[in-house]
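Note that the protein sequences, when read in sequence, are chains S and H. According to the numbering used here, the first sequence is numbered sequentially starting from 1. According to the numbering used here, the second sequence is numbered sequentially starting from 1001. Idealized CB from N, CA, C, for every residue including glycine.
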Amino acid sequence: MGDYEPTILAFVCNWCTYTAADLAGTSRLIQPSNVRMIRMMCTGMVDPKFVIKALLEGADAVLVSGCHPGDCHYINGNLKARRRIKLLKEILPRFGFDEMRLKMTWIGASEGIAFAETLREMVAEVRSLGPNKTRSLMVI
Amino acid sequence: MARTAKIEVKEQDPVASLQGFLKMLLRSGGIDGLLVAQHLPGKNAVMPTLVTDPEKLGGVDPLAPAFPINTAKVVSRLTRRPLGGQVAVVLRPCEIRAFVELVKFKQGRLEDVILVGIDCLGTYGNLDYARFVAENGGLASTALFYRDIVDAKGTAGDVPDLSPACKACEHPVPENADLLIGLLGVDPNDSLLLSAGTPKGNALLDRLGLPSREEPPGRKEAIAELVARRIAYRDRMFSETAEATSDMEKLTTYLSNCVNCYNCRVACPVCYCKECVFVTDVFDHEPSQYLRWAKRKGILKMPTDTIFYHLTRMAHMSTACIGCGQCSNACPNNVPVMELFRTVAACTQRAFTYEAGRSVEEDPPLSVFCEKEFSEVTGGKD
């Protein structure tokens, strides 16, 4: 397990967290390379199916990150997303997915440092959990 | 104060007396039709029928322990637009609760219906019901059912077991009914309780002019006793199901007989999507995709997306699940889906302090949000 590198799928919103990621990059902050980012127009567009599919396909964790409450470009998409993530956090742990494998954060466009920090923390957490078991299950 | 009256039972035959009452209800005016379960001619099948002619109520038997369909789906069809008349719909408690959910999804309206709820003592699965009535026929079997269940509080001989959903149902008494027909705590061989729960029900009861009665003294205790028994069964079911599905390997085993027929979704009264995403071309994968998937682990179970489907369904309907058990009834391979969906539903509904079917005033949890809530989801920040 020593050389295990987790894969994290991140659904980030165009207006805040994606911009923060961009800022982290242009600021040359050191970031883990474990993250596969998917840019959404809003976290409110993240269908629970996307998260379920990602975890079933073997992603070690899923991050959903968008604007702080009140800052959503579409007024309240992030608040709708929060309820959906809450729902998934009730369902998925019942079937053995550690709650840490699904994370939601608010990261504003100017928070490049917070973005890099969040990823580093998350990678460390998920690394300590070990690989997602669905990777090795024969039948899904 | 709720008005109460009684339906006299003649010759110890509650079914015939109920038929008489429904006939009177339809004749009384002010009602254009009656939606009620009826034995179909020639075969031991019970289905909802929409009746406008009081003479066509010969096979009516809302007490039959048959549950081929959650009638809320039918009521939804009748009320999605103005119906052009008032229809009294005779429903089980779980059917009313499912309809309440559909009303909130704008897939039904309360305006044109009078909800008549009947205390529910439970039903059989489809196959068990067919076996149960094979010998004596529909109406006579219903009488036997009540003799066994009501009098002896048990079952005699080869009578099959009630469906697990009914044994785990903590809502035997209709909620939100305009008119309630009570069986619990009354002697169904003497009279049935009739009680109005809404102004609409009160007005109707006034028109009928039935002899009034007090709520029978033993009713509350009888209900409490039954509910306690069912909750005990339900909680046992919850913990057993949670244990049997506690990780992905176990869940895969639990669902291993699933053939992706999606019957559970078709039968589900609260699966509200008009077109399920799992039958759209989103899931018509490219043939070469299957090969790529298979190559990843060297093996791919077909049909694919079984667990994906069930988890997605939970995300869609678990907050609206009223526990009627039609999913299990419809499953061709006896996958205990009701147990699974109810166990998850209990947990998601608790998380949103929501109870499916409780009130039309309560918004479905995923249709609303607040600015400050669930801060634990985002690490305590909101």
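At a cut-off of 8 Å between beta carbons, H/Ser1246 contacts chain S. In the assembly as shown, S/Arg36 is an exposed residue. Its beta-carbon has fewer than 16 other beta-carbons within 10 Å. Of all C-beta pairs linking the segment 1312-1321 of chain H to the segment 1260-1278 of chain H, three or more are shorter than 8 Å, placing the two stretches in contact. Pairing S/Ala61 with H/Arg1234, the inter-Cα distance amounts to about 33 Å.
In the assembly as shown, H/Gly1380 is an exposed residue. Its beta-carbon has fewer than 16 other beta-carbons within 10 Å.
Using a CB distance cut-off of 8 Å, S/Gly96 counts as an interface residue toward chain H. With a cutoff of 8 Å on beta-carbon distance, S/Arg28 and H/Phe1369 are scored as not near each other. Between the beta-carbon of H/Leu1063 and that of H/Thr1142 there is about 5 Å, and that keeps the pair under the 8 Å contact cut. When DSSP reads this structure, S/Ser65 sits in a beta bridge with S/Val12 and S/Thr105. Close to H/Val1377, with beta-carbon spacing below 8 Å, are these residues of chain S in chain order: Arg82, Ile85, Lys86, Lys89 and Met104. In the three-state reduction of the DSSP assignment, H/Val1009 falls in the coil class.
Between the C-alpha atoms of H/Val1113 and H/Leu1018 there is a straight-line separation of about 19 Å. Between S/Leu129 and S/Pro32, the CB-CB gap reaches or exceeds 8 Å. Per the DSSP secondary-structure output, H/Leu1192 pairs in a beta bridge with H/Ile1007. In this structure, the CA atom of S/Leu56 is about 45 Å from the CA atom of H/Val1133. Between H/Val1036 and H/Leu1022, the C-beta gap is smaller than 8 Å, which places the two residues in contact.
By the Cβ criterion, the segment 98-105 of chain S is in contact with the segment 64-76 of chain S, since at least three pairs of Cβ atoms, one from each stretch, lie closer than 8 Å. Judged by DSSP secondary structure, H/Ala1165 falls within the alpha helix (DSSP H) whose first and last residues are Pro1164 to Lys1167. Here H/Leu1110 is not bridged, per DSSP, to any residue. For H/Ile1307, the uninterrupted alpha helix (DSSP H) run begins and ends at Thr1306 to Met1317, by DSSP. At a cut-off of 3 residues, the continuous stretches assigned as beta strand (DSSP E) that sit fully inside the segment 13-42 of chain S are 35-40. Think of a sphere of 8 Å around the beta carbon of S/Ile52: the chain H residues whose beta carbon falls inside it are Phe1308, Leu1311, Thr1312 and Ala1315, in chain order. Under a 10 Å Cβ-count criterion, H/Leu1291 is classified as exposed, with fewer than 16 other Cβ atoms of the shown protein chains found around its own Cβ. In the assembly as shown, H/Thr1252 is a buried residue. Its beta-carbon has 16 or more other beta-carbons within 10 Å.
When the five nearest sequence neighbours on each side are left out, the beta carbons in the same chain lying within less than 7 Å of the beta carbon of H/Lys1200 are those of Ile1114 and Asp1178, in order along the chain.
Under the DSSP definition of a beta bridge, H/Ser1212 partners with H/Ala1005.
Contact annotation for S/Thr134 against chain H: Met1248 [CB-CB distance below 8 Å, chain order].
Taking C-beta separations shorter than 6 Å and ignoring five residues to either side along the sequence, the partners of H/Leu1050 in its chain run Gly1033 and Leu1035, following chain order.
Setting aside the 5 residues that flank it on each side, H/Cys1271 is surrounded in the same chain by Arg1265 and Met1317, each with a C-beta closer than 6 Å to its C-beta; the list follows chain order.
Look at H/Ala1088 here: in three-state DSSP terms it is strand.
No Cβ of chain S is located within less than 8 Å of the beta carbon of H/Pro1093.
A direct Cα-to-Cα measurement between H/Pro1041 and H/Gly1218 gives close to 38 Å.
Residues of chain S whose Cβ lies closer than 9 Å to the Cβ of H/Ala1294 do not exist; the shortest such Cβ separation is about 11 Å.
Think of a sphere of 7 Å around the beta carbon of S/Leu56: the chain H residues whose beta carbon falls inside it are Ile1307 and Phe1308, in chain order. For H/Phe1341, the closest of H/Cys1324, H/Leu1180 and H/Ser1375 by C-alpha to C-alpha distance is H/Cys1324. Under the Cβ criterion of 8 Å, S/Pro69 is counted among the residues facing chain H.
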